[in-house]
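S.K.: Starting off with a structure, shown below.
Residue numbers (the numbering used here), protein chains in the order written: chain A, 98 to 418; chain B, 98 to 418.
Here it is in structure tokens:
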């Protein structure tokens, strides 16, 4: 790859583009973050200016940490949206309002080291696989439960990118003709298992069941119901809350079984705010998938666990692209 | 890999284990089959004897074609069931009644060249990618519509195996709580899109609609209805037949969209008897997936086509493992 010795090129740069903030960091050979910073995304500036700001921000960070660019082996970028990882192009991002941006080429105007681009959910999975909860595993599925449902696949210790456009596990169907999804399809995994879906179901249930504890928890302001509300109510014996949680776990369980039957991971990781429920979420899910996984009595059924790196997963993963 | 020159090791051996027959063949550098033969599977003989027969059969085939084993670079085996491709173990096959058979190790007692094992659907996909309809493509999904639904994924020109146990795309769900599947789960892709499912739906519709042409086609013996019957009736304007075909295409279309959203192939291939319908099958499916694929207006939507190698796909694919 290079004439310089590996001992000199000991750092890598990771960039995690989000709708609100853009984070960047420098990691060492042990995937430890030795320095990081961030800027506001400021969508209105447009892609040229934003990428310039990223380039300059990274150079400033390197300087501050006394890391010469010569000691950086590579750079990776995680971005939301539809990505052409083979050519370093961000094909489309609704959050950023970007379309067919030659992100790698543009970024290399400021920092000229080998650079790769991938989807943000892929980067988070890779981060957890090299430095987080899935460290040491060869085959990993990570599912991010947020506004939508994203996912990343590690196969034989390498990120599995799929073809051009990237993996969109949130848009596999769980119910043909089911709940309308933002992607235009009906019944997607995302329409049942995102945090958005959990909140929608909890609000509906609270409104339909005025006596439900969920209403008391938010002092009858159902607009304040969040993903934790039905879990909290369920723990205190509330029947409507329990039903919301059970239903959420069932559909999430079905989506996870799909991922197991398709990818056969050794471990499945979940991330996102709903994971704060810890074992109240993972115990019933592990129970559910044991009953329904294909050839479950003859193969290893992976454990479903909570990811551990939090916001740093994307940064560390991007640096490992 | 070896001290012998590549020019000398110009052949590869492929073995395709089926429930009825076991086929083996020798292919050259251009993936042309230069000789093939087969034996009956004879499940009752047990795995040791069957593998011995395979080994001896391959040696006889080599002799007959005057190919010394020294000129064979590698051997590959495609098998039904749950496969540990990393260790060459057939973990479980319902058809063969085999459980945890060290297939590669056992076969190497008779033929000692580098040997790999994979799932039969994977081998068929690989065969089509190196020598059939998907030749020249980097990212391919192939779906086999038979008694069940199987699938193989080619990513960046390489077979994607997933983790231990192998890919089972037939057992991803299309409808949570849907039609009971043979795997124990409800609503699997297989329960809607296999040839078995098509025949089941056609028979039900024929019985419910005594005036349907489907009954005339089989002279009122609904036991004779097969996958072609509803298509034939539909072509002649039969409403019940049309409904069966439209429904089949809808669910198959949904499963294919899942595969596209997850793997982003450049082309999707279908194989199995129902593919004899040609454009009567693929035209409406291509129409369907255009309407529902994620980010469909911004990414390339792959064409759905019929595989071309037929029974040789598995053999050629196995030889390319």
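Every residue gets a Cβ at the ideal spot worked out from N, C-alpha and C, and that includes glycine.
The beta strand (DSSP E) with residue 188 of chain B in it runs from where to where?
M.R.: Residue mapping note: residue 188 of chain B aligns to position 91 of the second chain, counting from 1. That run of the beta strand (DSSP E) goes 186-190.
S.K.: Give the interface partners of residue 343 of chain A over in chain B, defined as CB-CB distance under 8 angstroms, in chain order.
M.R.: Start at 1 with the first residue of the first chain, and residue 343 of chain A comes out as number 246. When 8 angstroms is used as the limit between beta carbons, residue 343 of chain A is near no residue of chain B, the shortest such separation being about 13 angstroms.
S.K.: Spatial neighbours of residue 329 of chain A within its chain, please: C-beta separation below 7 angstroms, excluding the five flanking residues on both sides.
M.R.: Along the first chain, one-based indexing puts residue 329 of chain A at 232. So the list reads 314, once near-sequence residues are dropped.
S.K.: Cβ-heavy atom distance between residue 381 of chain A and the ligand SAH below 8 angstroms?
M.R.: What this structure holds is no ligand at all, so the ligand SAH is not there to describe.
S.K.: Given a cut-off of 9 angstroms on the beta-carbon distance, is the pair residue 192 of chain B and residue 177 of chain B in contact?
M.R.: Locating residue 192 of chain B in the second chain gives position 95, counting from the first residue. Locating residue 177 of chain B in the second chain gives position 80, counting from the first residue. Taking 9 angstroms as the Cβ cut-off, residue 192 of chain B and residue 177 of chain B qualify as a contacting pair.
S.K.: Given that residue 260 of chain A touches chain B, what residues does it touch there, using C-beta distances under 8 angstroms?
M.R.: Here residue 260 of chain A refers to the residue found at position 163 when the first chain is read from its first residue. Residues of chain B passing the Cβ test: 235, 236, 252, 360, 361, 362 and 363.
S.K.: Classify residue 326 of chain A as buried or exposed, calling it buried when 16 or more other Cβ atoms lie within 10 Å of its own Cβ.
M.R.: By 1-based counting over the first chain, the position of residue 326 of chain A is 229. Result: buried.
S.K.: May I ask you to list the residues that DSSP assigns as paired with residue 345 of chain B?
M.R.: For the purposes of this step, residue 345 of chain B is taken as the residue at position 248 of the second chain. In DSSP, residue 345 of chain B forms no bridge with anything.
S.K.: Using 10 angstroms around the beta-carbon of residue 366 of chain B, count the other beta-carbons present and answer buried if the total reaches 16, otherwise exposed.
M.R.: Position 269 of the second chain holds residue 366 of chain B. Label assigned to residue 366 of chain B: buried.
S.K.: Since residue 267 of chain B and residue 248 of chain B should fall inside the 8 angstroms C-beta cutoff, what is the C-beta to C-beta distance between them, to a whole number of angstroms?
M.R.: By one-based count along the second chain, residue 267 of chain B stands at place 170. By one-based count along the second chain, residue 248 of chain B stands at place 151. Confirmed, Cβ separation roughly 7 angstroms.
S.K.: Pop quiz: residue 219 of chain B and residue 166 of chain B are said to be a contact at Cβ under 8 angstroms. What is the actual Cβ separation, rounded to whole angstroms?
M.R.: If you number the second chain from 1, residue 219 of chain B lands on position 122. If you number the second chain from 1, residue 166 of chain B lands on position 69. Rounded, the Cβ-Cβ distance is 25 angstroms, inconsistent with contact.
S.K.: Does residue 121 of chain A get closer than 9 angstroms to chain B when you measure Cβ to Cβ?
M.R.: Here residue 121 of chain A corresponds to residue number 24 of the first chain, with the count starting at 1. For residue 121 of chain A, the answer is no, since every Cβ of chain B falls outside 9 angstroms of its Cβ.
S.K.: Helix, strand or coil for residue 412 of chain A? Go by DSSP, reduced to three states.
M.R.: For the purposes of this step, residue 412 of chain A is taken as residue 315 along the first chain, with counting starting at 1. Helix.
S.K.: Can you confirm whether the segment 230-240 of chain B touches the segment 355-373 of chain B when touching is taken to mean that 3 or more C-beta pairs between the two stretches lie within less than 8 angstroms?
M.R.: Judged by Cβ distances under 8 angstroms, the segment 355-373 of chain B makes contact with the segment 230-240 of chain B, as three or more pairs qualify.
S.K.: If contact means a Cβ-Cβ distance below 7 angstroms, which residues of the segment 288-299 of chain B contact chain A?
M.R.: none
S.K.: Verify the CB distance criterion: does residue 220 of chain B have a CB-CB separation below 9 angstroms to chain A?
M.R.: Translated into positions along the second chain, residue 220 of chain B becomes position 123. Chain A contact via Cβ: absent.
S.K.: On the DSSP bridge list, what partners appear for residue 422 of chain A?
M.R.: Absent from the structure is residue 422 of chain A, since the part of chain A shown begins at 98 and ends at 418.
S.K.: Looking at residue 337 of chain A and residue 302 of chain A, is the spacing between their C-beta atoms short of 9 angstroms?
M.R.: Taking the first chain and counting its residues from 1, the one referred to as residue 302 of chain A is at position 205. Taking the first chain and counting its residues from 1, the one referred to as residue 337 of chain A is at position 240. Yes.
S.K.: Distance check for residue 342 of chain B and residue 318 of chain B, CA to CA, integer angstroms please.
M.R.: Within the second chain, numbered from 1, the residue matching residue 318 of chain B stands at position 221. Within the second chain, numbered from 1, the residue matching residue 342 of chain B stands at position 245. Roughly 20 angstroms between the two C-alpha positions.
S.K.: Could you have a look at residue 220 of chain A and say whether DSSP puts it in helix, strand or coil?
M.R.: What you label residue 220 of chain A is simply residue 123 of the first chain in a count that begins at 1. DSSP places residue 220 of chain A in helix when its eight states are reduced to three.
S.K.: Taking only beta-carbon positions, decide if residue 172 of chain A is within less than 9 angstroms of chain B.
M.R.: Working through the first chain from its first residue, we reach residue 172 of chain A at position 75. Contact of residue 172 of chain A with chain B is not assigned, every C-beta pair being separated by 9 angstroms or more.
S.K.: Does the segment 273-282 of chain A come into contact with the segment 375-386 of chain A, if we say contact requires no fewer than three beta-carbon pairs (one atom in each stretch) closer than 8 angstroms?
M.R.: no
S.K.: If we require 3 or more residues per run, which beta strand (DSSP E) segments fall completely within the segment 303-372 of chain B?
M.R.: Listed in chain order, the beta strand (DSSP E) runs fully inside the segment 303-372 of chain B are 364-368, counting runs of at least 3 residues.
S.K.: Are the CB atoms of residue 111 of chain B and residue 407 of chain B nearer to each other than 9 angstroms?
M.R.: In the second chain, residue 111 of chain B corresponds to position 14, counting from 1. In the second chain, residue 407 of chain B corresponds to position 310, counting from 1. Contact flag unset, no.
S.K.: Please classify residue 388 of chain B as buried or exposed, where buried requires at least 16 neighbouring CB atoms within 10 angstroms.
M.R.: Position 291 of the second chain, counted from the first residue, corresponds to residue 388 of chain B. Answer is exposed; the Cβ neighbour count stays below 16.
S.K.: Which residues in chain A have a C-beta closer than 9 angstroms to the C-beta of residue 188 of chain B? List them in chain order.
M.R.: On the second chain, residue 188 of chain B is found 91 positions in, with the first residue counted as 1. Those within 9 angstroms of residue 188 of chain B in chain A are 392, 395 and 396.
S.K.: Mind listing the chain B neighbours of residue 271 of chain A? Cutoff is C-beta to C-beta under 7 angstroms, in chain order.
M.R.: To locate residue 271 of chain A, count along the first chain from 1; it is residue 174. Here the neighbours are 270 and 273.
S.K.: Going straight from the alpha carbon of residue 269 of chain A to that of residue 349 of chain B, what length do you get?
M.R.: To locate residue 269 of chain A, count along the first chain from 1; it is residue 172. To locate residue 349 of chain B, count along the second chain from 1; it is residue 252. Their Cα atoms are separated by approximately 13 angstroms.
S.K.: Alpha carbon to alpha carbon, what distance is there between residue 185 of chain B and residue 201 of chain B?
M.R.: For the purposes of this step, residue 201 of chain B is identified with residue 104 of the second chain, where counting begins at 1. For the purposes of this step, residue 185 of chain B is identified with residue 88 of the second chain, where counting begins at 1. Approximately 5 angstroms, taken between the alpha carbons.
S.K.: Work out the CA separation of residue 261 of chain A and residue 289 of chain B for me, nearest whole Å.
M.R.: Taking the second chain and counting its residues from 1, the one referred to as residue 289 of chain B is at position 192. Taking the first chain and counting its residues from 1, the one referred to as residue 261 of chain A is at position 164. C-alpha separation (whole angstroms): 29 angstroms.
S.K.: Looking only at DSSP bridge pairs, what is residue 241 of chain B linked to?
M.R.: Looking up residue 241 of chain B in the second chain gives position 144. Beta-bridge pairing links residue 241 of chain B to B:247 and B:368.
S.K.: Is the shortest distance between the beta-carbon of residue 348 of chain A and the beta-carbons of chain B less than 9 angstroms?
M.R.: Counting from 1 along the first chain, the entry for residue 348 of chain A is found at position 251. At least one chain B Cβ lies under 9 angstroms of residue 348 of chain A.
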